Every structure is written in structure tokens, then in C-alpha cells.
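*Asks:* Sequence lines, in order, name chains A and B. Just so you know, we're using this note's numbering here: the first sequence kicks off at 23 and counts up by one. Just so you know, we're using this note's numbering here: the second sequence kicks off at 32 and counts up by one. Beta carbons are placed, not taken as given, at the ideal position from N, Cα and C, and that holds for glycine. Just so you know, these numbers come straight off a predicted model, no measurement behind them. Structure incoming, see below.
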Amino acid sequence: EAEVAQSPRYKITEKSQAVAFWCDPISGHATLYWYRQILGQGPELLVQFQDESVVDDSQLPKDRFSAERLKGVDSTLKIQPAELGDSAMYLCASSSQGASETQYFGPGTRLLVL
Amino acid sequence: GNSVTQMEGPVTLSEEAFLTINCTYTATGYPSLFWYVQYPGEGLQLLLKATKADDKGSNKGFEATYRKETTSFHLEKGSVQVSDSAVYFCALRQTGANNLFFGTGTRLTVIP
Chain A
23 EAEVAQSPRY KITEKSQAVA FWCDPISGHA TLYWYRQILG QGPELLVQFQ
73 DESVVDDSQL PKDRFSAERL KGVDSTLKIQ PAELGDSAMY LCASSSQGAS
123 ETQYFGPGTR LLVL
Chain B
32 GNSVTQMEGP VTLSEEAFLT INCTYTATGY PSLFWYVQYP GEGLQLLLKA
82 TKADDKGSNK GFEATYRKET TSFHLEKGSV QVSDSAVYFC ALRQTGANNL
132 FFGTGTRLTV IP
């Protein structure tokens with residue numbers, strides 16, 4: 023069964039450092055999402071891609087976060103510089119084209135900023 | 032705006048007990064409603080969904096009915112198993128949109 027892949031699974035970094043997360047969606051899925059899940063809370067959307075284009079990044083803190091999906095396949099989410107409050111689980115999801123399609127989630131990257 | 036409110040956990044039940052996890056929502060129009068489950072060390076998986084009022088979603092013995100009059104989508108299972116131990120998230124998706132709005136999650140532990 024096809025799955026969304028994410029790496030790394032765990033990342034520990036110091037504040038002010040740069041950190042990057044990678045996501046490979048299910049093959050053929052045009053829509054890719056990055057969510058942030060703070061401990062004890064539900065996931066919140068950071069950015070949504072349709073192919074290589076950003077559809078929604080209204081909740082992305084653009085002063086320090088950036089996301090790209092250059093070829094419309096895999097995606098990278100970057101934080102620079104990391105802050106203590108960025109400690110969270112970063113989830114990637116993908117879906118085939120269409121608003122009614124199910125989102126499939128990866129296992130997530132757990133980030134700890136010291 | 033859109034929001035989802037779930038009953039707070041954690042919830043601890045004995046095996047074969049009846050489960051209810053409450054979920055209410057606030058949204059404009061007619062959203063689709065979902066329950067996702069997150070097993071330890073894994074990503075979120077879709078458990079069930081309902082796309083219009085009075086629809087019942089069901090999967091693996093779990094059920095939830097879309098109640099527009101009470102803006103609710105409570106999750107139920109008649110007899111839980113140890114393997115059902117996980118965190119359960121209620122979520123909504125606004126009509127015509129792709130992104131999901133999640134509740135805070137409810138951790139369920141089932142003991143033998």
C-alpha cells in the first residue's frame with residue numbers, strides 16, 4: 023500500500039539553527055499539505071500545494087518558515103532560525119486532485135528545539 | 032470561523048466497554064466531517080467520514096452520525112478492544128476547500 027514518506031522522524035536542534043523536513047507524497051497525488059501539531063493539540067495547516075504552486079500559506083510564519091515543491095512531487099519545509107516555540111510534530115499529507123479526496127498522512131517529524 | 036470541539040481525555044475503558052467520544056463543530060455552510068485515528072508512532076489515518084446531514088460514517092465497528100441540528104459528530108463503538116487504544120481526532124472540511132480543521136484529540140486507552 024502506498025504511503026506518504028517523511029524524514030527525518032526525529033530532529034533535535036538548538037534555537038537559531040536552521041532545520042529542514044522532507045516529504046514524499048503518494049505517487050500521483052497532486053495536493054500536498056504541511057501541518058504542525060503542537061503537543062496536546064490537533065494539527066493546524068501551515069501550507070497547501072497544488073502541484074508546484076502554493077494554494078494556501080496564510081498560516082505559515084513567513085519570516086522564518088519556507089516551503090517548496092519545485093517539481094510538484096516531493097516537498098521541503100524549512101525553518102530558519104528555529105525558536106523554542108517551534109517544537110512540535112510536523113505532518114505531511116497528500117491527496118489526489120479534488121476537494122472531496124481523502125488526505126493521507128505521513129508518520130510526521132518530531133522537532134525539539136533546545 | 033471554523034472550529035471543532037472534542038471531549039477532553041484521556042479516556043480509559045475496559046475491554047468490551049461502550050465508547051462515546053463527543054465532537055461538536057462550528058462552521059458556515061455544510062462542511063464534511065471526519066474522524067481520524069493516530070496509533071502510537073504512526074501518522075493519522077482516516078477512520079470514517081460523513082459529507083451531509085444525517086449521513087452515518089462507519090468503519091471497524093466505529094460509527095458517527097452527522098447531526099446538523101446539534102452540530103455534532105459523536106464517535107461510538109459498542110465494544111472496544113485493546114487494539115483501539117489511540118488518539119482520536121474529529122475534523123471538518125469546509126465545502127469547496129481542501130484543508131482540514133482538527134479538534135484537540137482524545138486519547139483512548141483500553142485495558143484488558
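By the criterion of Cβ-Cβ separation under 8 angstroms, what are the contact partners of residue 32/B in chain A?
*Replies:* The contacting residues do not exist; residue 32/B stays about 12 angstroms from chain A at best.
*Asks:* Just the Cα atoms here: how many angstroms apart are residue 44/B and residue 118/A?
*Replies:* Rounded to whole angstroms, residue 44/B to residue 118/A spans 37 angstroms at the Cα level.
*Asks:* Under a Cβ-count criterion, where at least 16 other Cβ atoms within 10 Å of its own Cβ denotes burial, should residue 142/A be classed as buried or exposed?
*Replies:* With chain A running from 23 to 136 in the structure shown, residue 142/A is simply not present.
*Asks:* For residue 77/A versus residue 48/A, is the C-beta distance shorter than 7 angstroms?
*Replies:* No, the pair does not count as a contact, with Cβ atoms beyond the cut-off.
*Asks:* Which chain B residues are close to residue 113/A, counting only those with a beta carbon under 9 angstroms from its beta carbon?
*Replies:* By Cβ distance, chain B contributes 74 and 75.
*Asks:* Interface residues of chain B around residue 78/A at Cβ under 9 angstroms?
*Replies:* Per Cβ cutoff of 9 angstroms: 128, 129 and 130.
*Asks:* Of all the residues that make up the segment 76 to 103 of chain B, which are near chain A by a beta-carbon distance shorter than 9 angstroms?
*Replies:* If the cut-off is 9 angstroms between Cβ atoms, the segment 76 to 103 of chain B has 76, 77, 80 and 82 near chain A.
*Asks:* Quick one: does residue 120/B have its CB under 7 angstroms from some CB of chain A?
*Replies:* By this cut-off, residue 120/B is an interface position.
*Asks:* For the segment 91 to 109 of chain A, which residues have a beta carbon sitting closer than 8 angstroms to at least one beta carbon of chain B?
*Replies:* Here the close residues number zero.
*Asks:* Residues of chain A with CB under 8 angstroms from residue 134/B, in chain order?
*Replies:* In chain order: 64.
*Asks:* Grouping DSSP H, G and I as helix and E and B as strand, with all else coil, what is residue 78/A?
*Replies:* Here residue 78/A sits in strand by DSSP.
*Asks:* Near residue 30/A, which residues of its chain fall below 7 angstroms by C-beta distance, leaving aside the five closest residues on each side in sequence?
*Replies:* Here the set comprises 131.
*Asks:* Do you know how far the Cα of residue 52/B is from the Cα of residue 100/B?
*Replies:* Taking the straight line joining both Cα atoms gives about 18 angstroms.
*Asks:* In three-state terms, what does DSSP make of residue 34/B?
*Replies:* Three-state DSSP puts residue 34/B in a strand.
*Asks:* Assuming residue 135/A and residue 89/A form a contact by the criterion Cβ under 8 angstroms, report the distance between their Cβ atoms to the nearest whole angstrom.
*Replies:* 18 angstroms between Cβ atoms; not a contact.
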